[in-house]
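> Listed in order, the protein sequences are those of chains A and B. In terms of this note's numbering, the first sequence is residues 1 to 448. In terms of this note's numbering, the second sequence is residues 449 to 896. Where is the CB? At the ideal position from N, CA and C, for every residue including glycine. All of these numbers come straight from a predicted model, not from anything done at the bench.
Protein chains: 2
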Amino acid sequence: MSASREHETSDDAKGHSGLEDVGRRTRAAALQLSALPTSARNEAIEAIAAALEEAAPAILAANLADREAAEADGISSSLYSRLKLDETKLRGEIAGVRDVGRLPDPVGARQIHRELDEGLVLERLAVPVGVLGVIFEARPDAVIQISSLAVKSGNAVILKGGREAVRSCQAIVAAVRRGLEGTAVSPEAIQLLTTREETVELLKLDRWVDLIIPRGSNSFVRFVQDNTRIPVLGHADGICHLYVDAAADIATAVPIAVDSKVQYPAACNAIETLLVHRDAAVAFLPAAGTALQEAGVTVRADEEAHAILIAGGLDDVEPATVDDWSTEYSDLILAVHVVESLDAAIGHINTYGSRHTEAIVTEDQAAADTFLARVDSAGVFHNCSTRFSDGFRYGFGAEVGISTQKLPPRGPVGLEGLVTYKYVVRGSGQIVATYSGDGARSFTHREL
Amino acid sequence: MSASREHETSDDAKGHSGLEDVGRRTRAAALQLSALPTSARNEAIEAIAAALEEAAPAILAANLADREAAEADGISSSLYSRLKLDETKLRGEIAGVRDVGRLPDPVGARQIHRELDEGLVLERLAVPVGVLGVIFEARPDAVIQISSLAVKSGNAVILKGGREAVRSCQAIVAAVRRGLEGTAVSPEAIQLLTTREETVELLKLDRWVDLIIPRGSNSFVRFVQDNTRIPVLGHADGICHLYVDAAADIATAVPIAVDSKVQYPAACNAIETLLVHRDAAVAFLPAAGTALQEAGVTVRADEEAHAILIAGGLDDVEPATVDDWSTEYSDLILAVHVVESLDAAIGHINTYGSRHTEAIVTEDQAAADTFLARVDSAGVFHNCSTRFSDGFRYGFGAEVGISTQKLPPRGPVGLEGLVTYKYVVRGSGQIVATYSGDGARSFTHREL
Numbered sequence: 001m002s003a004s005r006e007h008e009t010s011d012d013a014k015g016h017s018g019l020e021d022v023g024r025r026t027r028a029a030a031l032q033l034s035a036l037p038t039s040a041r042n043e044a045i046e047a048i049a050a051a052l053e054e055a056a057p058a059i060l061a062a063n064l065a066d067r068e069a070a071e072a073d074g075i076s077s078s079l080y081s082r083l084k085l086d087e088t089k090l091r092g093e094i095a096g097v098r099d100v101g102r103l104p105d106p107v108g109a110r111q112i113h114r115e116l117d118e119g120l121v122l123e124r125l126a127v128p129v130g131v132l133g134v135i136f137e138a139r140p141d142a143v144i145q146i147s148s149l150a151v152k153s154g155n156a157v158i159l160k161g162g163r164e165a166v167r168s169c170q171a172i173v174a175a176v177r178r179g180l181e182g183t184a185v186s187p188e189a190i191q192l193l194t195t196r197e198e199t200v201e202l203l204k205l206d207r208w209v210d211l212i213i214p215r216g217s218n219s220f221v222r223f224v225q226d227n228t229r230i231p232v233l234g235h236a237d238g239i240c241h242l243y244v245d246a247a248a249d250i251a252t253a254v255p256i257a258v259d260s261k262v263q264y265p266a267a268c269n270a271i272e273t274l275l276v277h278r279d280a281a282v283a284f285l286p287a288a289g290t291a292l293q294e295a296g297v298t299v300r301a302d303e304e305a306h307a308i309l310i311a312g313g314l315d316d317v318e319p320a321t322v323d324d325w326s327t328e329y330s331d332l333i334l335a336v337h338v339v340e341s342l343d344a345a346i347g348h349i350n351t352y353g354s355r356h357t358e359a360i361v362t363e364d365q366a367a368a369d370t371f372l373a374r375v376d377s378a379g380v381f382h383n384c385s386t387r388f389s390d391g392f393r394y395g396f397g398a399e400v401g402i403s404t405q406k407l408p409p410r411g412p413v414g415l416e417g418l419v420t421y422k423y424v425v426r427g428s429g430q431i432v433a434t435y436s437g438d439g440a441r442s443f444t445h446r447e448l
Numbered sequence: 449m450s451a452s453r454e455h456e457t458s459d460d461a462k463g464h465s466g467l468e469d470v471g472r473r474t475r476a477a478a479l480q481l482s483a484l485p486t487s488a489r490n491e492a493i494e495a496i497a498a499a500l501e502e503a504a505p506a507i508l509a510a511n512l513a514d515r516e517a518a519e520a521d522g523i524s525s526s527l528y529s530r531l532k533l534d535e536t537k538l539r540g541e542i543a544g545v546r547d548v549g550r551l552p553d554p555v556g557a558r559q560i561h562r563e564l565d566e567g568l569v570l571e572r573l574a575v576p577v578g579v580l581g582v583i584f585e586a587r588p589d590a591v592i593q594i595s596s597l598a599v600k601s602g603n604a605v606i607l608k609g610g611r612e613a614v615r616s617c618q619a620i621v622a623a624v625r626r627g628l629e630g631t632a633v634s635p636e637a638i639q640l641l642t643t644r645e646e647t648v649e650l651l652k653l654d655r656w657v658d659l660i661i662p663r664g665s666n667s668f669v670r671f672v673q674d675n676t677r678i679p680v681l682g683h684a685d686g687i688c689h690l691y692v693d694a695a696a697d698i699a700t701a702v703p704i705a706v707d708s709k710v711q712y713p714a715a716c717n718a719i720e721t722l723l724v725h726r727d728a729a730v731a732f733l734p735a736a737g738t739a740l741q742e743a744g745v746t747v748r749a750d751e752e753a754h755a756i757l758i759a760g761g762l763d764d765v766e767p768a769t770v771d772d773w774s775t776e777y778s779d780l781i782l783a784v785h786v787v788e789s790l791d792a793a794i795g796h797i798n799t800y801g802s803r804h805t806e807a808i809v810t811e812d813q814a815a816a817d818t819f820l821a822r823v824d825s826a827g828v829f830h831n832c833s834t835r836f837s838d839g840f841r842y843g844f845g846a847e848v849g850i851s852t853q854k855l856p857p858r859g860p861v862g863l864e865g866l867v868t869y870k871y872v873v874r875g876s877g878q879i880v881a882t883y884s885g886d887g888a889r890s891f892t893h894r895e896l
């Protein structure tokens, strides 16, 4: 009993001081990394790529061991495919590291340069956020992407991968850290946690970690948001809408509806509800319903849409209830709702949507402008698929996450989501008393 | 008993639906306000100014009644002076409203304009945040400032003032809403809450409120941060430092030390700890200590600083303990600590500071650059007072708050803290399938 108590105590102490210590070391590495020039960070990224090439056999072997263990545990085929890292995929990921090296440097940009008074100059400079905490599920390739994005943006990172991918993640992080050894970036800038208990501890490290990026299911993201004081970059829900207006061109609307649902139904930017103006419903719905069903989509229609679809010759149309308006299927299911006006469509979206991405199909420019102005979402689109809502398609070169929070960064977030700014003021002895009270000196506030 | 239960139930239901309803109405007003052009918002601001002028006698009478009640309750003189709104001050506040009208419009700026492909164009536009929840203490003038800043930036606002100022706040909000009646902005865009219970309810309105701005004591801000899921703009602590380097010019350093502490000791950008390099301590500390004591400052010195101050002829120097390094006095008290190096100063600041504002005094450019790069604070200054860390002094024209969070908005926040952005994509029937798989079409990603 006494031995067991001692054991618990020592484990506890180790567990606690262990992660505090990881936090402290990562913060120290971050402070050093944040001051490095672009060239030093890009050299470190090339060293990571080279080290991953060298370690490829070990990484592939570790991934095979992970997959064998996962198969023995009977994991789902979708999880298995996310876990799998073969030679082709690894080569692609290493090429991706070098692509990150070629991206423009997000750090150091001067956003404000202003004379406050003679010899007193204000600058606002883009600086790294500091220490990132990134929690992801099975995909071991995420370790490679996140490590290179972190180094590029001058940030240290504490990674927590899925249990299924532990051997792969360890082999990759070992290679990344070995690669950093000969560079200006400390290997301590990249840390790996492996247990679920450490996830909970990581969320408490608000003293050392500046930003949490959770990648996973809606419920996981919500768990993270509810259990940390650290800012979280991510989105819990993606309930996106396509609204087919009275003045829609049907030949434009049908392929956009199909693409927005079918092109990748598990994506957060796929639509869950199709809104149709009453005046377009008879012309649009049978054509759209047929195309959607041919693509394997189950249609759930409200009463009015249901009647039009059946009259248009469709079978197997399910009834929709009000619960469908708030459901993210992430699957080949689509709710259909007839609305009586553009205003009703906007009202429905602002009530049931998750402020992610919504599109209107219409030839009426005024209707489009009203929709784009009054829909309260990160992405508002006219005559194109909601699936364009993506950092790579927007031309950001990388996507760190998609945020449905209203404050910036909002929507798809590229490397700029990993930088913040600081204000630098250089003076020559100025004090505020000079600028206050009677005879106060004025500021010049002149842009430089 | 049965009657009492009924009473409780009905009160409960009323309280809940009451604030939910305020939230819903404010959100509706915000959506309409967010789509108004610059001119309509500026006209509304002029209408507010005119209405306040017309209502001046009623506002001054209400403030007098608040002050009489507060005096009867025996409030502190500092609270009384914040509560007081006389004719001169009111006239100044109304002039301030018109100044806000003349500020550049923070809404509508196009931050990104990019062709993704022929006929497929991405824009990122600055848009209002939506509904603000602003909670402040006694100062009734805050209602005037916040209302005008909200309308300028296209946001609706739910205000909660201090109990002591309830009559003043009601008179001001009544005038503001009356002013809005003849304009394109709905009076529902400006709401006033008056009870403490409503503060707690407001923090739960994450469905309707997009940003909470608490103005008050550190403990109040921390209470707000810990009790809401709504993003909070503000800072709990302001533990700022001045570091006097080995290569400091003493004639520069002494007035900066005095100004940084004395010019407004209750401000968050006033220093709490003065760090002095050992090599500068003998020359600097007696001169600084004398000047600080003459200005009424109590000095708390570590052992080494204490000995130097006493040897320099000072009396009444208190001893400092490690607790002083983490204390925000907000008063005429200053901790003094001798450090052995620039690195030790930076380490002290990054350990005990609150990431607000820190300054170095030195003639050594390399030391200054190291300090500015490695100190992890929103404001890093060289050879000037920490008190310059302020939205008006930075030239923002207004200050919504100061944030010590690392993510943007960081530091003093002007009107840009009240806007976010949305992505607008205009297409001509494009779908993502065209850009995927074999024979995928490429994006052009051409800046327009």
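Mind checking who B/Tyr842 pairs with in its DSSP beta bridge?
None; B/Tyr842 has no bridge partner.
> Using a Cβ-Cβ cut-off of less than 7 Å, give me the residues of the stretch 686–708 of chain B that come near chain A, in sequence order.
From the stretch 686–708 of chain B, only Thr700, Pro703, Ile704 and Asp707 have a Cβ closer than 7 Å to chain A.
> Contact between the stretch 703–721 of chain B and the stretch 833–843 of chain B is defined here as three or more beta-carbon pairs at a separation below 8 Å; is this criterion met?
Touching, yes, given that three or more Cβ pairs across the two stretches are closer than 8 Å.
> Which residue marks the beginning of the alpha helix (DSSP H) containing A/Lys89, and which one marks its end?
First-last of the alpha helix (DSSP H) with A/Lys89: Glu87 to Arg102.
> Are any of the Cβ atoms in chain A nearer than 9 Å to that of B/Cys716?
With 9 Å as the cut-off, B/Cys716 does not count as an interface residue toward chain A.
> Once you ignore the five residues that flank B/Tyr528 on each side, which residues in its own chain have a CB closer than 8 Å to its CB?
Only Arg515, Ala518 and Glu519 meet the Cβ criterion.
> Please list, in chain order, all residues of the same chain as A/Lys14 whose beta carbon is under 7 Å from its beta carbon, the five residues on each side excluded.
Low confidence applies to A/Lys14: its pLDDT is 40, below 50, so where it sits in the model is not reliable enough to give any reading.
> Under 9 Å, Cβ to Cβ, is there at least one residue of chain B near A/Ile431?
It does; some Cβ of chain B falls within 9 Å.
> Is it buried or exposed for B/Asp791, if we count other Cβ within 10 angstroms and need 16 for buried?
Classification for B/Asp791: exposed.
> What separation, rounded to the nearest whole angstrom, lies between the Cα atoms of B/Asn666 and B/Leu681?
Roughly 13 Å separates the two Cα atoms.
> For B/Gly875, name the three-state secondary structure that DSSP assigns.
It is a strand residue.
> With A/Asp117 as the anchor, note down where its beta strand (DSSP E) starts and where it stops.
Element bounds for A/Asp117: Arg110 to Asp117.
> From A/Lys160 to A/Gly92, what distance separates their C-alpha atoms?
A/Lys160 and A/Gly92: Cα-Cα distance of roughly 22 Å.
> Quick one: list the residues of chain A neighbouring B/Ala826, beta-carbon separation under 7 Å, in chain order.
In chain order: Lys422 and Tyr423.
> Measuring only the C-alpha atoms, how far is B/Leu484 from B/Asp658?
Straight-line Cα distance between these residues: approximately 19 Å.
> Return the chain-ordered list of same chain residues with a C-beta closer than 7 Å to the C-beta of B/Arg874, the five sequence neighbours on each side being excluded.
Here the set comprises Val569.
> Quick check: the stretch 347–361 of chain A against the stretch 850–862 of chain B, are at least 3 beta-carbon pairs closer than 8 Å?
At 8 Å Cβ cutoff, the stretches do not touch.
> Can you tell me whether DSSP reads A/Leu274 as helix, strand or coil?
DSSP places A/Leu274 in strand when its eight states are reduced to three.
> By Cβ distance below 8 Å, which residues in the same chain neighbour B/Lys926 in space, the five residues on each side in sequence not counted?
The requested residue 926 of chain B does not occur in the structure, where chain B is confined to residues 449 to 896.
> So, is B/Ser526 buried or exposed, given that buried needs 16 or more other C-beta atoms within 10 angstroms?
When all chains shown are included, B/Ser526 counts as exposed.
> Is there at least one Cβ from chain A nearer than 9 Å to B/Gln673's Cβ?
Answer yes: the Cβ-Cβ gap between B/Gln673 and chain A drops below 9 Å somewhere.
> Using only the alpha-carbon positions, how far apart do B/Phe671 and B/Ala714 sit?
Going from the Cα of B/Phe671 to the Cα of B/Ala714 covers about 20 Å.
> State the beta-bridge partners of B/Phe829 as determined by DSSP.
DSSP output for B/Phe829 lists A/Val425 and B/Ala807 as bridge partner(s).
> What is the DSSP secondary structure of B/Phe584, counted as helix, strand or coil?
Three-state DSSP puts B/Phe584 in a strand.
> Could you list the residues in the stretch 76–93 of chain A with a C-beta less than 9 Å from some C-beta on chain B, going in chain order?
For the stretch 76–93 of chain A, which is checked against every Cβ of chain B, not one residue is closer than 9 Å.
> Please check if any C-beta of chain B sits within less than 9 Å of the C-beta of A/Pro231.
It does: the Cβ of A/Pro231 has a partner Cβ on chain B nearer than 9 Å.
> Hey, could you find the ends of the beta strand (DSSP E) A/Lys160 is sitting in?
Taken as a continuous stretch (DSSP letters only), the beta strand (DSSP E) holding A/Lys160 covers Ala156 to Lys160.
> Express the C-alpha separation of B/Ala846 and B/Thr536 in angstroms, rounding to a whole number.
One C-alpha to the other measures close to 20 Å.
> Could you compute how far the alpha carbon of B/Arg546 sits from the alpha carbon of B/Arg475?
Taking the straight line joining both Cα atoms gives about 25 Å.
> Reducing DSSP to helix, strand and coil, say where A/Thr386 ends up.
If DSSP states are grouped into helix, strand and coil, A/Thr386 belongs with the helices.
> Taking a Cβ distance cut-off of 8 Å, strictly less, list which residues of the stretch 379–403 of chain A are near chain B, in chain order.
Here the close residues are Gly379, Val380, Phe381, His382, Asn383, Cys384, Ser385, Arg387, Phe388, Ser389, Arg393, Tyr394 and Gly395.
> Answer with buried or exposed for A/Leu448, where buried requires no fewer than 16 other C-beta atoms within 10 angstroms of its C-beta.
It counts as exposed.
> If I follow the unbroken beta strand (DSSP E) through A/Pro409, where does it start and stop?
From DSSP, A/Pro409 is part of no beta strand (DSSP E); its letter is neither H nor E.
> Considering only DSSP beta bridges, list what B/Gln741 is partnered with.
DSSP output for B/Gln741 lists no bridge partner at all.
> Say whether chain A places a C-beta atom closer than 9 Å to the C-beta of B/Pro713.
Answer no: the Cβ-Cβ gap between B/Pro713 and chain A never drops below 9 Å.
> Using a Cβ-Cβ cut-off of 9 Å, state whether B/Ala816 counts as contacting chain D.
The structure shown contains no chain D; its protein chains are A and B.
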